[in-house]
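These notes are about the structure you will find just below.
Residue numbers (the working numbering): 3 to 1105.
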């Protein structure tokens, strides 16, 4: 199996079709083999009659896929083996099909009858794999079959198959949202499932399909709370987030009476007796209106059952529980999450970043929670900059009068850091501390003034900006600092700092009457060289001095205003014109002139330095929207607490008599209650105790999931799979032995009263004693269920299977002229033409199928309908770019444009039309391209040499460049007989593609394949001149070389193209909304091209 690496193979393992590929995977059976011999030995092995050879071939193919190699050309050979009787081969075939079914949909549809038979297979893994493959074929025509398969799988005996059914639900919903009602019925059925394996997956399906249907959760709420500890980690995250939203709609806020109670207790403690009697009546009214808060037992159940998960090893689970406690728990109990979050700060920097974002938000509202862990937020020199800045944010939020001296000492060391962004953030943090804590304001101000003598200009500039904000609070006491800052105008060059100094001097010019005019004199000298922000402050300073000290500054002010009158920036010209009219009294100046002094020298309120995280808590903590501080796609708002609690009886579930608990169990549960109620208020167990429950919960999760997944068909696996069956049984026995040990270690870790998923110790002993009987009973039940299922599913599924088997060949040979007239079952296999599998979704030489022709009735298409169109035949019709200016080219000027014609030599190249003009008095000889230096992968086809170009003449030539679907520039030399000029051509992203024509159905089908990360959606406001059909189409086609796709909707525009090099589809949809609003969607597997194209089209439509 050992061989050298793949030489010259592309990164993803895919190679352009039709070109030889050298040094393939060893399984390809020959080094330096051409494409038609590619993987020949694997194909022979797959076609053989020996299962051992097929198994070996499939192992190699799956290994190739795991290493990122492209094995799509083996699809026809693999799909033939889907009906193989060997279970090991069948499993691997399904693994392969799940990977490639979406790309090779036509061939996958041929085997649909085999997948349907696989849904009835005795082996649970085969049933699950068949459903997974079926849901991976994203073709709308098989939606009814997928729906039927999901309904059957939801009733399957095996929890693993039911879990797969839950995973298939969002796939089907994204393919056809009209099936929502039927899917909700399946979700409702699966939500009632009592196995931990299914719980997480079905809640994920619920969140994707119908998150608004809270009523589905009522009956399952307590069961989900009790199962939570045993669900797998990612299931726990999903369930916790869903239950957070649920609890906010069903329970009352635990902190609703807190503010009133706090006020009344404070007054009772500090106030005199007279005050008490006066306020007693006023306080009694609001308190009487509000009933005393009593927590709902279901609310307490959720908090109690999620608390142990704070010790989870998965950071996402800990974060999910932390946000649940923050949003749902009483203030007194929220403190338990602090220790768990601080523990996560020892993790990777990515985890730290997310945790610190959430801690920064929490620390604004609940400062006391993190104060004991202040030292955990001290900054290490090895922390990345963004982590340092977040820790600074937290330290600033936690600062109070008791710990401020410690925090300021820390800040003092941070200022010496080499990281300039971090130093600037530290100086701002010092400013915030000074604003919030009055007693250290002078200390902070003195420290910042000392920083003004720092060698680093950025440190000085940031200090100036912060000092300006602090001085606004008490300027009269700090005239010395203002004088000191005035001297810095000669040295500081950072515009923001200069502007801040000038504003301070202008605002408090009465405190420094001698210095202010001199500063204005200096600034007037350098006015023309200053930045715009500084010029505006110079004008303001001049105006303020004119109003307070006109004798000294009248001429200076006029000089500055005259300079500003002719400035290049219109803001500065407008400001100068406005101020001249306002402060210099003339006959024309109106009544405002009298109030000029009040306008300019009015008392300004001091700025409030606030945390940037102050308003983030309206997003749910731990969500992507909270991290980005903007609403992300798919984000669901956290509901407000209800004013009155909804009826709690909706969560009651009637328990049959035979399942009710014994009196002994009830006694045990009563003993357990003090453990939870005592521990709820505590900050959490010690470090040494942390590890034991964590391992216990992991054991319980793995034991319950493994036993539930293997119990459904344990004996069948022993008969048919041998190795895997024995392995799962051994695992189960090991886990069964571990469970009693776990119970001894932590007897109080049992689930809450009425728990469905946690048996008592007595039951476990009986369970092990009667294990054999249970297995036999289970198998008996399963046999009955399977036979009844087969009878119930009845004629429909079996007939569809036989139909698809018998009629597949007939429909391939001769297809009916109109596929719409054929019944639905037969149209599943109505695939009349198959092109060989290609990496490109649509090749330029593809032929339209007969079923497509019926879709395109009424449209006139030429034979080569998928070939690129010529959108801009003339040279002057498209935008031209300068390649060589006539000054740099010593009289030779060169322009180029993208003609949007196919390049005759190579269809993978972009045609670039070049126009060369000789503006000199002498002739130019031997014009040619020399030494092209393209980047790796790029190719340049030079234009033929121009032997002679007379003075004043112009020549036009075409050259071809393969940009490899990249906007990087192609560099080369343009040579004459005497000179060499280095030039480069950089293409706009819209010129890297060629238009493709397709029907509306074809467009939707291709768009369905390119979802998820291949889809980019942006909202925009259309410019007034680009709201008509003609204008929109013209702007989009000028921004990108695309072809228009016919569309039935009036407010929707569709365009399609393929990239010139790789042939990857680029699909553009523009949907007009109300008014000027519109939504642009681009689907392409080339994400970089899609992102850049979105920007270009939005710019074209909004400019």
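Built from N, CA and C at the ideal position, the CB exists for glycine as well.
My guess is that residue i and residue j are in contact by the Cβ rule of under 8 Å, so how many angstroms apart are they, rounded?
i, j, result
"residue 145", "residue 117", "Going by Cβ atoms, the distance from residue 145 to residue 117 rounds to 14 Å, so no, they are not a contact pair."
"residue 366", "residue 613", "6 Å"
"residue 204", "residue 168", "4 Å"
"residue 421", "residue 387", "6 Å"
"residue 1056", "residue 1005", "6 Å"
"residue 319", "residue 343", "So it is not a contact: roughly 12 Å between Cβ atoms."
"residue 974", "residue 914", "That belief does not hold up - the Cβ atoms of residue 974 and residue 914 are roughly 11 Å apart, past 8 Å."
"residue 401", "residue 435", "5 Å"
"residue 565", "residue 530", "7 Å"
Roughly how many angstroms lie between the CA atoms of residue i and residue j, to the nearest whole one?
i, j, result
"residue 331", "residue 187", "33 Å"
"residue 173", "residue 104", "12 Å"
"residue 43", "residue 66", "14 Å"
"residue 2", "residue 526", "Since the first residue of the chain shown is 3 and the last is 1105, residue 2 is not available in this structure."
"residue 917", "residue 78", "50 Å"
"residue 356", "residue 990", "36 Å"
"residue 97", "residue 108", "18 Å"
"residue 686", "residue 252", "In this prediction, residue 686 scores a pLDDT of 40, lower than 50, which makes its location untrustworthy; the coordinate-derived value is nonetheless stated afterwards. Distance between the alpha carbons of residue 686 and residue 252: 28 Å."
"residue 346", "residue 475", "40 Å"
"residue 595", "residue 586", "8 Å"
"residue 1058", "residue 993", "13 Å"
"residue 224", "residue 125", "33 Å"
"residue 456", "residue 417", "10 Å"
"residue 1083", "residue 488", "54 Å"
"residue 1072", "residue 242", "37 Å"
"residue 301", "residue 248", "10 Å"
"residue 910", "residue 968", "13 Å"
"residue 538", "residue 498", "12 Å"
"residue 143", "residue 111", "10 Å"
"residue 872", "residue 898", "Because residue 872 carries a pLDDT of 38, less than 50, the predicted location of this residue cannot be relied on, and the following value inherits that uncertainty. Residue 872 and residue 898: Cα-Cα distance of roughly 18 Å."
"residue 557", "residue 567", "15 Å"
"residue 450", "residue 496", "17 Å"
"residue 895", "residue 886", "5 Å"
"residue 1101", "residue 1092", "14 Å"
"residue 622", "residue 1069", "34 Å"
"residue 315", "residue 306", "19 Å"
By DSSP's criteria, residue i is part of a beta bridge. Which residues make up the other side?
i, result
"residue 1059", "997, 1068"
"residue 930", "977"
"residue 2", "Residue 2 lies beyond the range of the chain shown here (3 to 1105); nothing can be said about it."
"residue 962", "913, 943"
"residue 918", "896, 957"
"residue 1047", "1056"
Note the first and the last residue of the continuous alpha helix (DSSP H) segment covering residue i.
i, result
"residue 497", "497 to 509"
"residue 412", "406 to 416"
"residue 352", "351 to 367"
"residue 174", "161 to 177"
"residue 332", "Note, residue 332: premise wrong, no alpha helix (DSSP H); not H, not E."
"residue 626", "626 to 630"
"residue 206", "198 to 211"
"residue 483", "481 to 489"
"residue 900", "Here residue 900 belongs to no alpha helix (DSSP H); instead the beta strand (DSSP E) covers 894 to 904."
"residue 948", "No alpha helix (DSSP H) contains residue 948, which is instead part of the beta strand (DSSP E) from 948 to 951."
"residue 223", "223 to 229"
"residue 187", "182 to 193"
"residue 568", "Taken as a continuous stretch (DSSP letters only), residue 568 belongs to no alpha helix (DSSP H), as it is neither H nor E."
"residue 544", "534 to 550"
In terms of residues, what are the limits of the beta strand (DSSP E) holding residue i?
i, result
"residue 98", "Unbroken run through residue 98 is the alpha helix (DSSP H), 89 to 102; no beta strand (DSSP E)."
"residue 387", "It is not in any beta strand (DSSP E) - residue 387 instead sits in the alpha helix (DSSP H) that spans 387 to 400."
"residue 883", "882 to 886"
Curious, which full-length beta strand (DSSP E) runs of at least 3 residues does the stretch 976 to 1036 contain? For the stretch 976 to 1036, whole beta strand (DSSP E) runs of length 3 or above, ordered along the chain, are 982 to 987, 995 to 997, 1017 to 1023.
Extract the residue ranges of the alpha helix (DSSP H) inside the stretch 96 to 157, only unbroken runs of 4 or more that lie entirely within it. Here the runs fully enclosed are 107 to 112, 114 to 120, 126 to 138, 145 to 156.
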